[in-house]
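Listed in order, the protein sequences are those of chains A and B.
Read left to right, the first sequence gives residues 5 to 100 (this note's numbering).
Read left to right, the second sequence gives residues 99 to 825 (this note's numbering).
Virtual Cβ for every residue (Gly too), placed ideally from N, Cα, C.
Here the structure is a predicted model, which is why all the values come from computation and not from measurement.
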Amino acid sequence: MTVKLIDNDSIELVGSCPSEDAEALFQYLLQSRNATVDWSGCKRAHTAVIQVLLAFRCQLKGPPAGSFLELHIEPALRRAGAQIRPFPAGPEVRNS
Amino acid sequence: MNEFVEQFLLEARELIEQATGDLLALEQRANDPDKIDSAFRAFHTLKGAAGIVEFEPMARALHAVEGVLSGFRSKARPISPAIIDECLACLDQVTRWLDDMAATGELPSGADPVADAIVQRFSTSDSDASTLPVGDWLERLSAGNPGRFSEARSALRYVPHADAFFRGEDPLALIEGLRGLISIDLTLPDPAQPFDAVNPFTCAVEIIALINEDAETVKRLLSEVSDQIEVHAIDAKPQAVSDLVLSPLARSVLEAQILLLREPGPNGRAARAASAGLVSINVLHHAGLASAANSIAGALNDADATSVITAIERALQRKTDNVSSERSETARTASPAAARVLRVDTARIDTLVNLTGELTVVKNALGHLAKQAQDGLDAKGVTASLRNLQTQLDRLVGEIQGAILRIRVLPMRQMFQRFPRPVREISASVSKSIQFVIEGDDTEADTAIVESLFEPLLHVLRNAIDHGIEDSAQRMASGKPSTATIVLRAFRELDNVIVEVEDDGGGVDVDRVREVAAARGLVAADTLAGMTEADVIDLIFASGFSTAREVTDLSGRGVGMDAVRTAVGRLGGRVSIASRPKIGTVIRLTLPFTVMMTHVMTVEAAGQVFGLPLDVIVETAMIPRNLIVPIGAAAAFTWRDRTVPLVSLAASLGLSSYIADVGQARVVVTSTGGQLGAIEVERLGGRMDVMLKPMDGLLGGMKGVAGTTLLGDGRVLIVLDVQELFN
């Protein structure tokens, strides 16, 4: 798998993440909403995966390995994170 | 020409025909869903084909039309004649490209600006029917990217379909493929949506981006999702003109040559100039810029690196208008010899393969027989077997001949479907409303006939529209519907294929034909007075005849109908006309089913054998000499109450006749173009089916000879053109 649940607090995306990873990532994030997603080993990610990251406004640990992700997607997620509502459940959404 | 391109040209032309037909049908019956679908499919397939041969501008232009058609399909936009015209114009352009490709074997250069113009035309008509809601996305984009707007040349909003993931699409991967990406923003449409309701399988993301690339290019690169994107041009920076005509690759190669030449160092500077110059010349020739290439060649002769650099730099800064005129010239001078390809049903080829197999069996049997004869089989046995084999061979050769002829057969549809378009244009140009009906387009005929009938038939149709059909006021006055009907029909009649053009116009004005024929001196006044109505009408096929009071664009220059008769005659056919005042005119083209196989009768004159085409022979007769009356230098006799001119075959061919002064003359009575004539021969031979070889090379212009074939004993049989014998 290119998406791995390391422990309750961290999920790892590695290599090239296909659209199927979106479902797994989604399930992991539903279980542990404050988990940090470490995508420093992620070279590419399907739009479906990015969409999950966007929806959950995840805490990301990077920078990602792929240049497109690093140059364009990470800044986009960062900007979107400021706009998106706080998580509906859980007292603390972001470890900021 | 590469096989791929050949196949492409073939298919593309068929698709263009189909698309044209569908578009014209749509004009008649807007919103016919079948026709919309069919046109859409044709454009789509054509676009795909262009993609396969990597002819990107064509694919781009067609894509623009496809977008419009898909708008028709979804009823998002109404079908209007103006849009149909645009679509047809696009097809015309594609046809021009195809002609170019057929002539040069290469992708036409300079297609980019043309394609851009087409895309532009469709996109302007597009913008008023944009399906995407225009939102505040531009403001959001500029707010999110302060200061970066100035770098960008276009702004993109891309809202993928909700089922994009299921379709296997990856929208961001498409964006990643764009060059000059400055920044991306991702938004989910409904931030208030409950978290659990986020569906990882549904694509809900909206992508907006700033791109340092012009809007057209972005649209082109994202053409596969064109219905989901919105592209705004931001301060379109004028592009260097030469960019349009020189591909980026060509530019960079030329620029590299300049760098190479500017490199310091005395060693081999002249040699470098020579090689860099040659490379540049090749690049420019490839881009179709012959004069630029020549100027570099000129600079090379000076053997001076600096002047070569200047010449290359000048080539890089060329103006487009020079280029396009130069290009069209090369296109015109290029040989128009398009590849002639025949599409054949596999079943017909299979028949041939089977027949070849049977032929092999007969060949083996012959070998066996030869061995038997060698081993001392008696002559009687050999003869019997030989006869048997000869019968088999005769049947097989006959069948193979038939099978091969069927390969050369095409349905008339291939030619007929090209007519609706010109008919529509011609009738529009003379403001007459015409319903054009095609009947029997599945009638088959020889390829040569199908291919060469287009021009003559177009003349006939043009005449029917221009002269035959009255204007609508006149039609109403004579109680006819204001929309005229022209029927183009084909059918088989025995060994002939008949093509008719029937109009319900005013018919041929016989008095006027008489007037004109007299005024132009086509026929002597007294002859004219004695001519029947049908004969007078037939005069419209005489050369130099035109009744149109004024010369229009279309017809009335006195060429046309006689050209039709000549063209059809060349194919071994005849043209006739039947006309009834106020009811209409029928022009009938009678053509042989195949131009390859001719039935001939052999005759002898001056000891030589000649062939006469059987279809002009009425009968053979023995005429007592005392009934033959000399008239001037010629002779005539009365046959079934008609006077028939008689020519001696030997005399008219300039051969000395051996005819003994016998009491009776052997004559062959012929009928050509409705005229009877008799040919005196020395001996009558048998009937033969021959494959006629037309005269070519030095003998190509020879009069009176239709072609030649070989006789069983190896002699050449000359088949005569009877009509010319009497002229």
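Counting only the same chain and skipping the five closest in sequence on each side, list residues whose C-beta sits under 7 Å from that of residue i.
i: S51/B; result: Outside the displayed span of chain B (99 to 825) sits residue 51/B, for which this structure offers no information.
i: E311/B; result: R251, S252, L276, R277, G278
i: L457/B; result: L494
i: A137/B; result: A117, D120, L121, L124, L167
i: V548/B; result: L508, M510, Q512, M513
i: A209/B; result: P155, M156, W195
i: P814/B; result: In the sequence on display, residue 814/B carries Val and not Pro. Excluding sequence neighbours, V814/B sits near T806, L808.
i: D819/B; result: G802, V803, A804
Who are the Cβ neighbours of residue i in its own chain at under 6 Å, not counting the five residues just before and after it?
i: A148/B; result: M156, A157
i: G45/A; result: V18, A69
i: S321/B; result: H161
i: I675/B; result: I635, I685
i: K65/A; result: T40, D42
i: G799/B; result: none
i: P792/B; result: G805
Is residue i close to chain A, meaning its C-beta is less than 9 Å from at least one C-beta of that chain?
i: V303/B; result: yes
i: E311/B; result: no
i: E553/B; result: no
i: P211/B; result: no
i: E322/B; result: no
i: L319/B; result: no
i: P258/B; result: yes
i: E267/B; result: yes
i: Q337/B; result: Residue placement at Q337/B is poorly supported in this model, since its pLDDT is 40, which falls under 50; the coordinates still yield a value, given next. Answer no: the Cβ-Cβ gap between Q337/B and chain A never drops below 9 Å.
Can you list the residues of chain A that residue i reaches, using a CB-CB cut of under 7 Å?
i: T285/B; result: A84
i: E274/B; result: F72
i: F831/B; result: Residue 831/B is absent from the model: chain B starts at 99 and stops at 825.
i: L239/B; result: Within chain A, no residue comes near L239/B; the closest Cβ sits about 11 Å away, beyond 7 Å.
Buried or exposed, going by whether 16 or more other CB atoms sit within 10 Å of the CB of residue i?
i: A174/B; result: exposed
i: A262/B; result: buried
i: H50/A; result: buried
i: R430/B; result: Model confidence at R430/B stands at a pLDDT of 37, short of 50, so the residue's coordinates are unreliable; what they give is reported in the following sentence. That one is exposed.
i: K145/B; result: buried
i: P518/B; result: buried
i: E591/B; result: exposed
i: H466/B; result: exposed
i: E267/B; result: buried
i: P131/B; result: exposed
Is residue i close to chain B, meaning its C-beta is less than 9 Å from at least one C-beta of that chain?
i: T51/A; result: yes
i: E16/A; result: no
i: A26/A; result: yes
i: A59/A; result: yes
i: L29/A; result: yes
Just the chain B side, please: which residues come within less than 9 Å of residue i by C-beta, in chain order?
i: L81/A; result: L284
Who are the Cβ neighbours of residue i in its own chain at under 8 Å, not counting the five residues just before and after it?
i: E631/B; result: V608
i: S223/B; result: Residue confidence for S223/B is low, a pLDDT of 49 falling below 50, so the modelled location carries little weight; the figure read from the coordinates is stated next. Cβ within range, chain order: V166, I181, E184.
i: S172/B; result: none
i: I10/A; result: E16, D42
Could you round the C-beta distance between residue i and residue j to whole angstroms and report it? I think they count as a contact, below 8 Å.
i: L464/B; j: E497/B; result: 18 Å between Cβ atoms; not a contact.
i: G375/B; j: A397/B; result: 7 Å
i: T6/A; j: G19/A; result: 5 Å
i: G682/B; j: D601/B; result: 5 Å
i: E542/B; j: V507/B; result: 5 Å
i: V742/B; j: F735/B; result: 6 Å
i: V56/A; j: L33/A; result: 7 Å
i: A703/B; j: A748/B; result: 4 Å
i: I177/B; j: A140/B; result: With a Cβ gap of about 16 Å, I177/B and A140/B do not count as contacting.
i: R663/B; j: F639/B; result: 5 Å
i: E598/B; j: R610/B; result: Not confirmed; about 23 Å, so no contact.
i: I88/B; j: D283/B; result: Missing from the structure shown is residue 88/B; chain B here goes from 99 to 825 and no further.
i: I410/B; j: S378/B; result: 5 Å
Run through chain B and tell me which residues come within less than 8 Å of residue i, C-beta to C-beta.
i: I77/A; result: L270, I282, L284
Along chain A, in chain order, which residues have C-beta atoms closer than 9 Å to that of residue i?
i: L308/B; result: Within 9 Å Cβ-Cβ: nothing; L308/B doesn't reach chain A, min ~10 Å.
i: L279/B; result: F72, L75, H76
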